[in-house]
Structure formats: structure tokens, C-alpha cells
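Report on the following structure.
There are 2 protein chains.
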Amino acid sequence: MEKGFFHLMTSEKVKKILGEFSSLGYEEVELPSALERTAAFDIFSPEDLPPFARSTMDGYAVRARDVFGASETEPALLSVVGEIRMGQEPASLELGTGEAVKIWTGGILPKGGDAVVMVEYTRSLDPKLIEIYRAVAPSENVILRGQDCEKGALCISAGTRLRPQELGLLAGLGITRVRVVKRPCVAIISTGDEVVSEKETPPCGKIRDINSTTLEALVKKDGGVPKRLGIVPDSFEAILDACQRALDEGADVVLISGGSSVGARDYTLKVFEELTGSPPIVHGVAIRPGKPTIISRYGDKALFGLPGHVASCMVVYLLFVRHLLNIYQGLHPETGLKSLKVRCGQMFPSVTGREDYVRVTLKDSWDDIPEAFPVFGKSGLISTLVKAHGLLKIPRDSEGFHQGEEAEVLLL
Amino acid sequence: MEKGFFHLMTSEKVKKILGEFSSLGYEEVELPSALERTAAFDIFSPEDLPPFARSTMDGYAVRARDVFGASETEPALLSVVGEIRMGQEPASLELGTGEAVKIWTGGILPKGGDAVVMVEYTRSLDPKLIEIYRAVAPSENVILRGQDCEKGALCISAGTRLRPQELGLLAGLGITRVRVVKRPCVAIISTGDEVVSEKETPPCGKIRDINSTTLEALVKKDGGVPKRLGIVPDSFEAILDACQRALDEGADVVLISGGSSVGARDYTLKVFEELTGSPPIVHGVAIRPGKPTIISRYGDKALFGLPGHVASCMVVYLLFVRHLLNIYQGLHPETGLKSLKVRCGQMFPSVTGREDYVRVTLKDSWDDIPEAFPVFGKSGLISTLVKAHGLLKIPRDSEGFHQGEEAEVLLL
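Protein sequence lines, in the order shown, are assigned to chains A and B. Under this note's numbering, the first residue of the first sequence carries the number 8, and numbering increases by one thereafter. Under this note's numbering, the first residue of the second sequence carries the number 8, and numbering increases by one thereafter.
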């Protein structure tokens, strides 16, 4: 007898459809701003790093063959022909047979030298003469020219998410601007005649908007640029106008939440159809909560009609909107999803034919695997999400879990 | 024969010592800026949320006892005495026995009504009369006044890290400014006569600074406010001056990296002793890489002498600096550390008496547990960190792992 969605789509199918979107264009940013963004192109090294062979120790630069077999009992005797400090050019210094040069960590290796003996394994007999107590292999205690990165080598591949160490490598190569994939701009619209801004005191019968603040924070966490467009009344014209404005202002994604009544959902659907000239690519998903989800495609942009109840809205965001934001950013679609193996602390009943996401708290148990317990409460209650550590997934083909069975939890 | 650190401290002991620092003071920020920050105080609800009983469905508000036992074959017959739209005040509407009111999702429940029957389970006989096909329990399809959060109830505890849903709850309660624990300000200083800024072309014998960029990004990721103070020469006066300036400008943490030569380390140590008037609280740690670490305490502030080699520097940052940044922010000290169980893809030898952190790449294997393989290369090579997915930990009491043994990896 339930009205509405006759052909619910599986979540796998929704993700497959979202997989047809592609990553956004690129922009060039300063190095520090490139953190956790995606390299838009392969980056090749413009030079050798380091540009010269360097010592990694304080000690003496030598020719390894001159100290072959040196030991405590049979030290090698070398004459000291100079000193190289860090940052100093060794000028015309060149090591001949039986010669050594005093060198400091980071110092440039003199011509002819191929290894460094740590100062601990030497004894100075006079300023011009040292004993060496340990043999070194060629290249020992030395970083060779280009050993970190050779000129022309691929040092960072397109699609790499830039971590602190990737930025460090680029700094070392003198690359201070990087071309990265753009961040998706996400317009957030709340609908509902009963909703007022969180900055207002709601008159009787009205409540404050919760979804906009929650979605704004989620988008920011996932690398998008949220843009709140406020609250619009439950009417076709108002929703159409807000959507149109969002698209005109460059939104890559429009999120409309609220409108949990059948009438309001109809407006969202009609607006999407009016804008795109075609039916939605997703209309109803076999998940709970989150069933009344609508997704339309407008060129390269995506329009989401999210459920109004905040828990449903968040589940749909986490499963699908985040998925698309990752794709837009050139990232693996599951980036940022942390899942955990848990043991069910009690029975989790479900029905086959839909995927359930049950809000749960986690408790430490006798072994490494935490126990999951359901958080009770309607999906319109934000407090249930505040209490929850994660969402326990009950697969579509499952009638639920018995107490003690293992399951997967998406961390919130 | 090795010089320097005779009493190496275990990493557990270092963390215990860092545990004596306490969280920073608080500041008040706008709601969206509070994301992922720590609530400095308990937050109590200033009002009931929602402020009235609301319908969660489109349907009819009823008295549950009037539809007790209603079914397809024996529907209940109720007279419709009005309609309540979302956001509308129900004025003087009050339900008497046998009466119903048409209501929309989000609509305020009329006096006397205690449940909502979904429109799907009703049939309108005429505008004033409906049949109801299903019984409802009291409170069914209704969110009660204060059910999300009761006035005066603790809704967010001090020390909670604010997720999107916590911000959503605060928005719902009209709390648009939050008192959160301050972010630690972290001054970053590179030393070394051989180091130039990443913006320069290094003259012969010099190389570009890698550590500052890497540390800046790490600090940003961990919620700190990085402040780069540039490169200072390897001299007591220059390092003292830079440290003093950092402290004067409000740094909570000073990171000095570089100075991997014995002489430069001595300067850092002497500067810390000059500033604090006491020996460092940590001087040498039984980890590899990362042994030559110095930590001093200056009132509530911390001074770190980090190893110059970038991989060593990063390991010490991840183990200890991040630990302290979490403590400063009132977070669990291990926040942000992601570790993973892996299987050793080959032998990982070590020696007892120190903890090893081996850079590894991870490969998918026949089961869920990835296989770890070492990334070879000196700890001065940033490229080893770029290749690495994580750091495989070999505990202090272990001589290493055999191929096939399970181990723990900290993800980079």
C-alpha cells in the first residue's frame, strides 16, 4: 500500500551510475595549499636531488679502496688534505690516493671521494694525519647525486593525493606551485515552510534548520567547498529558483534537503526534471534510512534530493554524495570512509531486499573487536547521530545479524 | 664507541612525560569553524528540541485509543476537524473523541492528539470523514517535545571532538558560537648552513629546505597552526634568537629541525638549556630512526630538537609532536594515528633495545591482511617517504619479524 518508489535501486547500482561522472578540471595553487589535494598531472623532476653527492655523517671523505680491510688492530693511515663544511663549495679539492678530507653532515663530497668514514671510527694523529679503524663500502654514508630523485624521473603521478611528504619532495625540487584537481563547489539548500535559520528564534510551529549546518561540515571534511543558499519555501518556483541560482553561481553539486513530505519531494523531482529535461538518474534507493533519494544529472553537475530527516540525510550523504565528491576530486571513491569490523552486542534484525544502516555505539570487548549496540530513536533525531559512533551495515541479502556475529561499521 | 646519548629513553616514557602537559585555553568561534575542534566545556540544552510535538509523516493526527484495533476489515471511522500544515500554529484546535486532524510532516501536533496515522493507511470518504485501516501506538510517527534534547540536559560533554552531527545539534538548539580548545601555534625553524628556501635556486654545495614544508603540512593536518620562521644558520646565537622570537610571538611549540651534525645538535641543546634554565626532559630516544631527539619544557610550552634527516624527523613528529598537539587540543593523544595489521612480506630484522619504524609499502594479499615490504633507502631521502604507505613498528623487545608474521603499520 506504500506509495512512491516502485523500482528501488541498489546502492551498488547508484555508485555505478555516479562512477560515470569524471574528475573536475585543474587549478594551480601554492605548495602549502596543495595538501590532501590530487595532483592533476604527472610531475617530473626538473633536476637531480640532491644536486651533488652529500655526506650523511660528520667524518672524513675517503676513497673506499684506501680503507679496505681497516680495523682496530690494523688501521689505515690517511693524510688530511682539507676540510669541507656544510654549504661550502669544495673548490678545487680532489682526493688522491691515501688522502682524506674532513667533512661535515650535508657537506659536498670532494672529487675522487666515494665514501665517508664516521668521525667515531677515526683518530687524529696530527692535523694532517688520521688513523681509520673501520672499512667503508663505496657510497657508504653518502647520498649520491640524484639518489633522492633523478632529473627527468617521474616523481609524483597524476592522481596522487598529496601528503606532507609529497609536498616536501616538491619543495626539495623547488616546485612551489602545483596543478591540482579543483575542489567541487557544493550548494546546500534547505526546504520547508516549517524551517528557520539556526540564527533565529523559531516562532511557534517552526524549528531551526539542522541539515544545512550538518551538510556544510560534511562537505568541508570531504574536501568540497560548501556554499549555503539558505532556506527556501516548499514551492516549485522557490526551489527551481534556488537551484538555478546555485548552478549559475558555479555549483558542481546541488544538495536539496528537507521536504520530507510527499508534496515537497514531488517539487524537488519536478524541479530537477524541469532543469535537466530528463527523468532523474536515481529515484529511490533500497536502503534504510535513505530510501526517498533523488539524483539528477545536469551536464557534468549533479543534483541531489536528500531525505529531510537528518539521519537519513546523513546516510545518503555518506554513501553517495561523498562518493561523488571523491570522484570529482580524482580520488578513489571510498576515500575518507573508515570502516571497522565489529561484533554484534545484540540481535540486529532486518529484512532482505534492502540494505540497512543502523546507528550504533561501540564498546570495547574482551578481544580487539569492539561490540556494537543499536542507538534507538527516529531518523529525525539529530541526537541519535550524536550518540552514535558509526553505522552498522546489514547487507541487502541478509535478514540481520545474531548476537555475537561479526559485521561492518562505517565510522561517523 | 658511538658518542652522544648514553641514556636513551623508551618511546613509552617519552609519551608519559608529554602526558604531563595539559590542554590549552579556550576561544569562542562561530559554529562552522568549530568542526573537528574540542568542546572546552559541557554544553547544556537551553531549550526543548523540538519545542513541540511534531509529526514525522503526512497523515492524520489522532488519539491512539480511537484507532485501537483498526484494520483493513474493520476500519475506524473518524471525523476530520481541521488541517495543520508545516510551520503553522494549530491555533485553538483540540482533538475530541473520534476526531482527527489532517497533518503534514513536520506539523505541530494538535492538543489531545498523541499519534499520527500515515496517509497510506487512510481513505477519505468525504472532506469531513475518514476511514483508518491500521492501529497506531501512542507517540507513533510523532517526535515528542524535547525528545531530541530536553531543556537543561547535557547535550555535548567537554572534551568532545565536534563532528558534523554535533554542529547540527548545536544549530538545532540555536547555539551559533561555541567555546572550543585553542589550536596550538607551532613555530617551525630549519637550521643548517647548507639549507636554502624552497623558493631559491641553491648555489653549489647547498640544498633546498624540505623539512619546513613537510612539518608545516603535518602540523596543519593535525589541527595546529603552523608558523614558519625560515632557515637560521648553525650558530648558538642565531638559533637562540629564532627560538626567542617564536616564543615571543606566542608559539606553544617550537620545532627545530636540521642540524644533524653533532655540532648543530649541541647548539640546539645549549639553546634549550639557556632558555629553560634546566636540562631537557627528553634527550635521545630508543627508536630508529629518530634517536637524536631533544625535548625541553618552557613553562607550558614545548621545544623540540628534531633530527635533520627528513624520515627521522617525520617519525619523531608522528610519534611525539602529534601526541603533544593532541594533548594541547584536549584530544585523545592517539587521535589521527591510523594503524593497520599487516603480514610481513619478507624478513624484518632488528635488534632488541630499540623500537624500529621501517618505511614500508603495502600490497594486497590473498586475504584481508595486506603484505608489507620495506622501502630501501637512507633516512635522508624524502623519496623513501613518498614511496612508503606506512611505518612498520618493530617493538623494543623484538629481534624482528619473520616473513609471514603479523605486525602493525602506522599509515602515513
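No residue lacks a Cβ here, since even glycine has one placed at the ideal position from N, Cα and C.
- Interface annotation for the region 217-236 of chain A against chain B: Ile217, Asn218, Ser219, Thr220, Thr221, Leu222, Glu223, Ala224, Leu225, Lys227 and Lys228, criterion Cβ-Cβ distance under 8 angstroms.
- Note on the region 319-346 of chain B: whole alpha helix (DSSP H) runs with a minimum of 4 residues are 329-335, in chain order.
- Contacts with chain B at 9 angstroms (Cβ-Cβ) include A:Pro210.
- Distance check between B:Trp111 and each of B:Glu157, B:Lys135 and B:Thr63 places B:Thr63 closest, using alpha-carbon atoms only.
- DSSP places B:Thr220 within a helical segment (H, G or I) once states are collapsed to three.
- DSSP places A:Val69 inside the beta strand (DSSP E), whose first and last residues are Gly66 to Val69.
- Neighbourhood of B:Thr63 in chain A, by CB distance below 9 angstroms: Ser267, His316, Lys385, Ser386 and Gly387, in chain order.
- Taking a contact as a CB-CB distance under 8 angstroms, the pair B:Gly159 and B:Leu56 does not count as one, their CB atoms being some 12 angstroms apart.
- Comparing alpha-carbon positions, the option among B:Gly407, B:Gly212 and B:Asp200 lying closest to B:Ile238 turns out to be B:Asp200.
- Around B:Lys277, the same chain offers Phe243 as residues with beta carbons nearer than 8 angstroms, after the five sequence neighbours per side are excluded.
- Scanning chain A for C-beta atoms nearer than 7 angstroms to the C-beta of B:Lys213 yields Gly94, reported in chain order.
- A:Leu100 sits in coil when the DSSP states are folded into three classes, being neither helix nor strand.
- Under the DSSP definition of a beta bridge, A:Phe380 partners with A:Thr368.
- A:Gly120 places its beta carbon less than 9 angstroms from that of A:Leu102.
- Here B:Asp404 has Thr359 as same chain residues with Cβ atoms under 7 angstroms from its own Cβ, once five neighbours each way along the sequence are excluded.
- Residue environment: A:Met93 is assigned as buried (16 or more neighbouring CB atoms within 10 Å of its CB, all protein chains considered).
- With respect to B:Val328, B:Val193 sits close: the two C-beta atoms are nearer than 9 angstroms.
- Using a CB distance cut-off of 9 angstroms, B:Asp155 counts as an interface residue toward chain A.
- Within chain B, not a single residue places a beta-carbon under 7 angstroms from that of A:Ala68; the smallest gap is close to 13 angstroms.
- Exposure of A:Glu27 is indicated by the presence of fewer than 16 other C-beta atoms within 10 angstroms of its C-beta.
- Secondary structure within the region 115-184 of chain A: the beta strand (DSSP E) runs of 3 or more consecutive residues, fully enclosed, are 122-125, 129-133, 136-139 and 161-163 (chain order).
- Around the C-beta of A:Ser372, fewer than 16 other C-beta atoms lie within 10 Å, and the residue is accordingly described as exposed.
- Looking only at B:Ser164, B:Phe311, B:Leu136 and B:Arg70, the smallest Cα-Cα distance to B:Gly297 is reached by B:Phe311.
- Pairing B:Glu34 with B:Arg252, the inter-Cα distance amounts to about 24 angstroms.
- By the C-beta density criterion, B:Gln154 is buried, having at least 16 other C-beta atoms within 10 angstroms.
- Contact note: B:Lys206 reaches chain A through Thr183, using a C-beta cutoff of 7 angstroms and chain order.
- DSSP, reduced to helix, strand and coil, places A:Ala258 outside both helices and strands of the structure shown, so it counts as coil.
- Against B:Ser346, chain A offers no close residue; the least beta-carbon distance is about 12 angstroms (beta-carbon pairs closer than 9 angstroms).
- Classified as buried, A:Pro191 has 16 or more neighbouring CB atoms from the shown chains inside 10 Å of its CB.
- Among the residues facing chain A, B:Gln336 is not included, as its CB has no counterpart in that chain under 9 angstroms away.
- A direct Cα-Cα distance of roughly 10 angstroms separates B:Arg184 from A:Lys206.
- DSSP places B:Ile302 in the uninterrupted beta strand (DSSP E) bounded by Ile301 to Tyr305.
- With respect to the 9 angstroms criterion, A:Ile115 and A:Thr129 are not classified as neighbours on the basis of their beta carbons.
- The beta carbon of A:Ser242 does not come within 9 angstroms of any beta carbon belonging to chain B, so the residue lies off that interface.
- DSSP, read as helix, strand or coil, puts A:Ala293 in coil.
- Counting C-beta atoms within 10 angstroms of its own C-beta, A:Gly387 has 16 or more neighbours from the protein chains shown and is therefore classed as buried.
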